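Just so you know, the protein sequences line up as chains A and B, in that order.
Heads up: the first sequence runs through residues 1 to 113, numbered per the numbering used here.
Heads up: the second sequence runs through residues 114 to 226, numbered per the numbering used here.
Ideal Cβ positions, reconstructed from N, Cα and C, are used throughout, including at glycine.
The structure displayed is predicted, hence computed values, not measured ones.
Okay, structure first, notes after.
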Amino acid sequence: ETGVTQSPTHLIKTRGQQVTLRCSSQSGHNTVSWYQQALGQGPQFIFQYYREEENGRGNFPPRFSGLQFPNYSSELNVNALELDDSALYLCASSSGPGGQPQHFGDGTRLSIL
Amino acid sequence: GENVEQHPSTLSVQEGDSAVIKCTYSDSASNYFPWYKQELGKGPQLIIDIRSNVGEKKDQRIAVTLNKTAKHFSLHITETQPEDSAVYFCAASKDTNAGKSTFGDGTTLTVKP
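Laid out in structure tokens, this is it:
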């Protein structure tokens, strides 16, 4: 059984740029949730995709957007990067929106200069 | 929305002692409470979870208790070992969507040999 994989592992960008982070869900999982984890804090829910449709969103601005593909891999896109966007970005997959448990990837560490 | 508070933020114990981490939640509709262990450079890994129709659950050295009336739940680790050292997160969600979890801010557990 293949776990959740994220790429890249690390990324450095400058303010105002755009970034795309990628997530490959665990085999058979059709739901992916994205989280932002600032240093020293717990993960914060950004949004969830279920069968290629957004299925709920946390308190994040529209410049955070996502996509889920037919093979259930997904992307997180962030436009107009700000310094406060520096964080670990985690994706988690599950079998259905109510599926438990979520399986997390190891994240992408994004640094904004 | 849901708010989860976690205490203590740091915990240091001697090997073989017990460790207890406590969380409170605000939304009485939450009914799924997972605990995650996050090691350096890794994503959160589920270690145990409990649903609101159960008051206690145990898995070897790990146990979780839930008090729905008081809206708090706790993680108990017995016979701690150095490899238990990590950051532990509690979370709460409605089981209609475990992917939209609200996390506490974590407890850094250090087990001294």
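Pairwise C-alpha distance: residue j and residue i
i                     : j                     : result
residue 168 (chain B) : residue 178 (chain B) : 6 angstroms
residue 225 (chain B) : residue 152 (chain B) : 16 angstroms
residue 135 (chain B) : residue 120 (chain B) : 5 angstroms
residue 57 (chain A)  : residue 66 (chain A)  : 11 angstroms
residue 202 (chain B) : residue 176 (chain B) : 14 angstroms
residue 92 (chain A)  : residue 33 (chain A)  : 5 angstroms
residue 94 (chain A)  : residue 101 (chain A) : 7 angstroms
residue 195 (chain B) : residue 223 (chain B) : 7 angstroms
residue 200 (chain B) : residue 157 (chain B) : 9 angstroms
residue 205 (chain B) : residue 142 (chain B) : 10 angstroms
residue 165 (chain B) : residue 189 (chain B) : 17 angstroms
residue 54 (chain A)  : residue 128 (chain B) : 45 angstroms
residue 48 (chain A)  : residue 35 (chain A)  : 9 angstroms
residue 126 (chain B) : residue 198 (chain B) : 10 angstroms
residue 133 (chain B) : residue 16 (chain A)  : 44 angstroms
residue 139 (chain B) : residue 114 (chain B) : 8 angstroms
residue 89 (chain A)  : residue 192 (chain B) : 33 angstroms
residue 144 (chain B) : residue 181 (chain B) : 9 angstroms
residue 183 (chain B) : residue 150 (chain B) : 24 angstroms
residue 123 (chain B) : residue 220 (chain B) : 5 angstroms
residue 218 (chain B) : residue 37 (chain A)  : 10 angstroms
residue 113 (chain A) : residue 39 (chain A)  : 16 angstroms
residue 148 (chain B) : residue 68 (chain A)  : 27 angstroms
residue 45 (chain A)  : residue 103 (chain A) : 14 angstroms
residue 59 (chain A)  : residue 187 (chain B) : 27 angstroms
residue 97 (chain A)  : residue 106 (chain A) : 21 angstroms
residue 84 (chain A)  : residue 23 (chain A)  : 22 angstroms
Beta-ladder partner(s) of residue i, from DSSP
i                     : result
residue 64 (chain A)  : A:78
residue 180 (chain B) : B:185
residue 50 (chain A)  : A:31 and A:53
residue 6 (chain A)   : A:23
residue 38 (chain A)  : Partner(s): none; residue 38 (chain A) has no beta bridge.
residue 146 (chain B) : B:163
residue 172 (chain B) : B:175
residue 124 (chain B) : B:222
Close Cβ partners of residue i (< 8 angstroms) along its chain, the five nearest in sequence each way excluded
i                     : result
residue 111 (chain A) : 10, 11, 12, 13 and 86
residue 28 (chain A)  : 95
Close-in-space but distant-in-sequence residues of the same chain around residue i (CB under 6 angstroms, 5 per side omitted)
i                     : result
residue 185 (chain B) : 137
residue 72 (chain A)  : 25 and 30
residue 155 (chain B) : none
residue 77 (chain A)  : 20 and 65
residue 170 (chain B) : 163 and 177
residue 215 (chain B) : 115, 117 and 205
Residues of its chain near residue i, where Cβ-Cβ distance is below 7 angstroms and the 5 sequence neighbours each way are ignored
i                   : result
residue 8 (chain A) : 108
Cβ of residue i within 8 angstroms of any chain E Cβ
i                     : result
residue 179 (chain B) : The structure shown has no chain E; the protein chains it does contain are A and B.
Residues of the stretch 38 to 53 of chain A with Cβ closer than 7 angstroms to any Cβ of chain B, in chain order:
41, 42, 43, 45 and 48
Identify each residue in the stretch 121 to 152 of chain B for which the Cβ-Cβ distance to at least one residue of chain A is less than 7 angstroms, and report them in chain order.
145 and 147
The stretch 78 to 94 of chain A: which residues have C-beta closer than 8 angstroms to a C-beta of chain B, in chain order?
90, 92 and 94
Select from the stretch 161 to 177 of chain B all residues with a C-beta closer than 7 angstroms to any C-beta belonging to chain A, and list them in chain order.
162
If the cut-off is 7 angstroms on Cβ atoms, which residues from the stretch 24 to 35 of chain A count as contacting chain B, listed in chain order?
31 and 33
Interface positions of the stretch 100 to 111 of chain A facing chain B (Cβ-Cβ less than 7 angstroms), listed along the chain:
100, 101, 102, 104, 105, 106 and 107
Quick one: which residues of the stretch 60 to 75 of chain A get their C-beta closer than 9 angstroms to a C-beta of chain B? List them in chain order.
none
Below 8 angstroms between beta carbons is the criterion; list the residues of the stretch 181 to 192 of chain B that meet it against any residue of chain A, in chain order.
none
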